[in-house]
Amino acid sequence: MMQTKHNWTKEEILAIYNKPMMELLYDAATVHRANHNPNQVQVSTLLSIKTGGCPEDCGYCPQAARYHTDIEGNDLMSVSQVKAQALRAKSSGSSRVCMGAAWRNVKDGPEFDSVLEMVRTINKLEMEVCCTLGMITENQAQRLAEAGLYAYNHNLDTSEDYYKDVISTRAFQDRLDTIENVRKTNVTVCSGGIIGMGEAVEDRAGMLVALASLSPQPESTPINALVPVEGTPLEEIAPVSIWEMIRMVATTRIVLPNTQVRLSAGRTQMSQEGQAMCFFAGANSIFAGDKLLTTPNPDVHEDMKLFELLGLQPMKPFVKKDQPQSVEAQYSKYKDQAEKPKWTRPDHKIERNELAKAKAKL
Ligand code: SAM
Ligand code: DTB
Ligand code: SF4
1 MMQTKHNWTK EEILAIYNKP MMELLYDAAT VHRANHNPNQ VQVSTLLSIK TGGCPEDCGY
61 CPQAARYHTD IEGNDLMSVS QVKAQALRAK SSGSSRVCMG AAWRNVKDGP EFDSVLEMVR
121 TINKLEMEVC CTLGMITENQ AQRLAEAGLY AYNHNLDTSE DYYKDVISTR AFQDRLDTIE
181 NVRKTNVTVC SGGIIGMGEA VEDRAGMLVA LASLSPQPES TPINALVPVE GTPLEEIAPV
241 SIWEMIRMVA TTRIVLPNTQ VRLSAGRTQM SQEGQAMCFF AGANSIFAGD KLLTTPNPDV
301 HEDMKLFELL GLQPMKPFVK KDQPQSVEAQ YSKYKDQAEK PKWTRPDHKI ERNELAKAKA
361 KL
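Just so you know, we're using this note's numbering here: the sequence shown kicks off at 1 and counts up by one.
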């Protein structure tokens, strides 16, 4: 097996990203075939277990309380609701459920205990369980691992430089710290980002430099195209072209050869042909189901028709890594620590975020 390279420079990555398209596709497909079965695609279903009302100011996000968007907020779902949704996802061909909460960070207490129970419940359905709950401490990561969590999603989202133009309520380093906490457990890391937020191509390369330097590299990497939502600071940004998405997927595949590259938000804007090019370029996972967290996603039957057309098969769960054991709550060796983690709050001002916040108050 080829040794994974962790010390990519921005220039090296830009040189790949900017290759003539046919060469880029050929190179990416070659790396893909050397490391994965090109006819298998992993299918995940997203479940927003707690929607809206988030205290953060992420410029892309419809769930930030400070912006006025049309989404309907919800308190934490119950374990039985989550189980019913997971069963639906399983019957439609998903091998993984990813539970998202609009939290800045996890707080120990009854809500986190309930999330741990959701993790045990889905793991018992023989599905991979992923959570994306914001920043977490090492103790919280250990508790999720003990409950049977398979993956934790925490995106770097963009380059360290551009991060400061998108989010003012936490720092890029906070993201890296959470990923490091997850790495101290046997939970796999899912981390990627968004393109089409007005960043330069250099920022896309910068994000890949940071992801590639993680050791080990993330086991999965979502590539989202911004879904511009009315009321958010990025509402008016023009959508990225499919060619940029293909270049980003291909470059990610080359720089992170072993990761599952997930075609994430933005698929409703992509043609079947465009998505097929992304699969050829090395994407081997999708989010399925008619909703992402709050925004629309292609119909699952349409996705399955596309799979059939292309001869793609949904991947079975636990192909890459064995199913974790779930320890029941009463046998847990970890306790609430009522920790006060030192997550930063840089609180610098981002003009477009301030404007969107002011508009929401009118
Ligand atoms: N609150 C947690 C956090 O931020 O890590 C978890 C949920 S958050 C919604 C998960 C990811 O969704 C973000 O990191 C971002 O990559 C993606 N996301 C949010 N809004 C998006 C949008 N409008 N378009 C594309 N991706 C988006
Ligand atoms: C990821 O990278 N994309 C997903 C998942 N991880 C949590 C979320 C996409 C959200 C798109 C906007 C929305 O539906 O609210
Ligand atoms: Fe909150 Fe996550 Fe949305 Fe940021 S991306 S506002 S942290 S839910």
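Using N, Cα and C, we set each Cβ at its ideal position, and we do this for glycine too. What you are looking at is a predicted structure, and each value in this text was computed from that prediction instead of being measured.
Rounding to the nearest angstrom, what Cα-Cα distance links residue 291 and residue 20 in this structure?
35 Å
Closest to residue 356 by C-alpha separation, out of 61, 7, 198, would be which residue?
61
I'd like to check one pair, residue 286 with residue 252: are the Cβ atoms closer than 8 Å?
no
Locate the beta strand (DSSP E) running through residue 200, then write down its first and last residues.
Looking at the DSSP string, residue 200 is not in any beta strand (DSSP E), and its letter there is neither H nor E.
DSSP beta-bridge partners of residue 128:
96
Which residue spans inside the segment 47–131 form an unbroken beta strand (DSSP E) run of at least 3?
96–101
Identify whether residue 259 lies in helix, strand or coil by the three-state DSSP scheme.
coil
Residues passing the C-beta test against the ligand SF4 heavy atoms, cut-off 5 Å
54, 56, 58, 61, 63, 64, 102
Is the beta carbon of residue 265 within less than 7 Å of some heavy atom of the ligand DTB?
yes
Using 8 Å as the threshold, is the segment 71–79 in touch with the segment 305–322, meaning 3 or more CB pairs across them?
no
Answer with yes or no whether the minimum CB distance from residue 53 to chain C is below 8 Å.
Checking the listed chains, one finds no chain C in this structure; it contains a single protein chain.
When you compare only the Cα positions, how much space is there between residue 92 and residue 341?
39 Å
Reference residue 95; option with closest CA among 40, 146, 232:
40
Taking 7 Å as the line, does the beta carbon of residue 368 fall inside it for any heavy atom of the ligand DTB?
Lying outside 1 to 362, the shown extent of the chain, residue 368 is not represented and no answer is given.
When you compare each of 147, 350, 359 to residue 162 by their alpha carbons, which one comes out closest?
350
Residues that DSSP places opposite residue 41 in a beta bridge:
314
Evaluate contact between the segment 288–304 and the segment 16–30, counting only Cβ atoms and requiring at least three cross-stretch pairs below 8 Å.
no
With DSSP collapsed to three states, give me the class of residue 282.
coil
DSSP beta-bridge partners for residue 194?
224
Go through its chain and collect everything with a Cβ distance to residue 122's Cβ below 6 Å, but skip five positions before and after it.
86, 97, 129
Alpha carbon to alpha carbon, what distance is there between residue 300 and residue 90?
12 Å
Under 8 Å by Cβ, that's how I've got residue 169 and residue 56 pegged, so tell me the actual separation to the nearest angstrom.
5 Å
Which class does residue 152 belong to by DSSP, given the choice of helix, strand or coil?
strand
Any idea what DSSP makes of residue 177, helix, strand or coil?
helix
Have a look at residue 306 and residue 275 and give me their C-alpha separation to the nearest angstrom.
9 Å
Using DSSP's beta-bridge definition, name the partner residues of residue 135.
105
When we look at the beta-carbon of residue 109 and count the other beta-carbons within 10 Å, is it buried (16 or more) or exposed?
exposed
Taking DSSP as the reference, what is the three-state secondary structure of residue 212?
helix
Please identify the residue among 138, 103, 269 whose C-alpha is closest to the C-alpha of residue 337.
138
Residue 229 Cβ short of 7 Å to the ligand SAM heavy atom set:
yes
Beta carbon of residue 132: closer than 7 Å to some heavy atom of the ligand SAM?
yes
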